[in-house]
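Residues 4 to 261 in the working numbering are what the sequence shown lists, from first letter to last. Cβ coordinates follow ideal geometry from the N, Cα and C atoms, glycine included. Here the structure is a predicted model, which means the values were calculated and not measured.
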Amino acid sequence: DAPLDHAYATDATARAQAVVVAEYADVTVAAGARLTARAWDGNSGGILALDATGEVTVDGSIHANGIGFRGRNHPCPYRCARGYQGESALGLGGVDLAANGAGGGGGGRGQDDGAGGGGAYGESGIPGPDRVGCGTCAECVAGAIPGGEGGTPAGAADLSTVALFGAAGGEGGADEDGGNPGAGGNGGGILLIRSGGVTLGPSGAIQSNGANGAGGNQSACGGSGCGMGGGGGGAGGAVRLVSIGPVALGVHQVRAIA
């Protein structure tokens, strides 16, 4: 209905999306129901935002779990190679042990491979564990196949100025005779609620959690190994609640965790 106030770039290094923020009087999410958003696809998605002039009552769930930056994995068969880095604000990343900014690094190659590193947001991601066993296509560090680096912290505590998706975990490393390694887990998305009040019932939840990494695929596509590395987990995303009235929250009902 009106032009945007500012200019935004969508090009090889940046993406911009204009998000419609639905406006309501009161919002009720009934027990067993869930309100979520479309996942980030590299161009749009990953954000759930709403305004309510009245009360937001949650007996079910409002969540952005696993809809943020994306974990990837190679098609089967994929052998004797490192895993993908997890996606972050720096982009998809490539095949590397190093972290991709907040995205976890991919696992090392060899027999009984290292796992992918965990994605990060406010805190560092957990490095993927090393694995003993060097094999025929190995890169050994102190007798072990290295795991991917954990992602480095990103963003800011004040979510009114900068809010990011949780970064993705890195893919596991590939061994010499299995199928393909496990994908890194997606990060959580961005969840923004502005209201006149928020009440969570006993079973209510508001979440933007990261997804677990996948296990290695050992035997598909003719594989016979047992050492494909698993993917690192994605980081939790951003949850911002703004209310001019009372907010009633129970313990652990609002979460953004890896």
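Quiz item: Which residue comes first and which comes last in the beta strand (DSSP E) that contains I50?
Solution: I50 to A55
Quiz prompt | DSSP beta-bridge partners of V250 | solution = V201
Practice problem: Pull up the distance between the alpha-carbon of R85 and that of D133, whole angstroms please. | Solution: 13 Å
Quiz item: With a Cβ-Cβ cutoff of 7 Å, do V201 and V59 count as a contact?
Solution: yes
Self-check item: DSSP-derived helix/strand/coil call for A186
Solution: coil
Quiz item: Under a three-way DSSP split, which group does A223 fall into?
Solution: helix
Quiz item: With DSSP run on the structure shown, which of helix, strand or coil describes E81?
Solution: A quick correction: the sequence has Tyr, not Glu, at residue 81. Correct three-state label for Y81: coil.
Quiz item: Where does N103 fall in DSSP's three states?
Solution: strand
Quiz item: Is the CB-CB distance between G158 and Y124 below 7 Å?
Solution: yes
Quiz item: Contact between the segment 72-83 and the segment 225-241: three or more CB pairs below 8 Å?
Solution: yes
Exercise. Rank L252, N220, A208 and G216 by C-alpha distance to the C-alpha of G106 and give the top, closest one.
Key: G216
Quiz item: Which value, in whole angstroms, describes the spacing of the CA atoms of C140 and Q114?
Solution: 7 Å
Self-check item: Three-way DSSP call (helix, strand, coil) for G94 in this model
Solution: strand
Self-check item: Simplified DSSP state of V245, which is helix, strand or coil
Solution: strand
Quiz item: By the 10 Å Cβ neighbour count, where 16 or more other Cβ atoms means buried, how is N46 classified, buried or exposed?
Solution: exposed
Quiz prompt | Separation of A12 from G236, as counted between CA atoms | solution = 30 Å
Quiz prompt | Boundaries (first-last residue) of the beta strand (DSSP E) holding I209 | solution = A208 to Q210
Quiz item: Under 7 Å between the Cβ atoms of A241 and A261?
Solution: no
Quiz item: Cα separation between R73 and N189?
Solution: 5 Å
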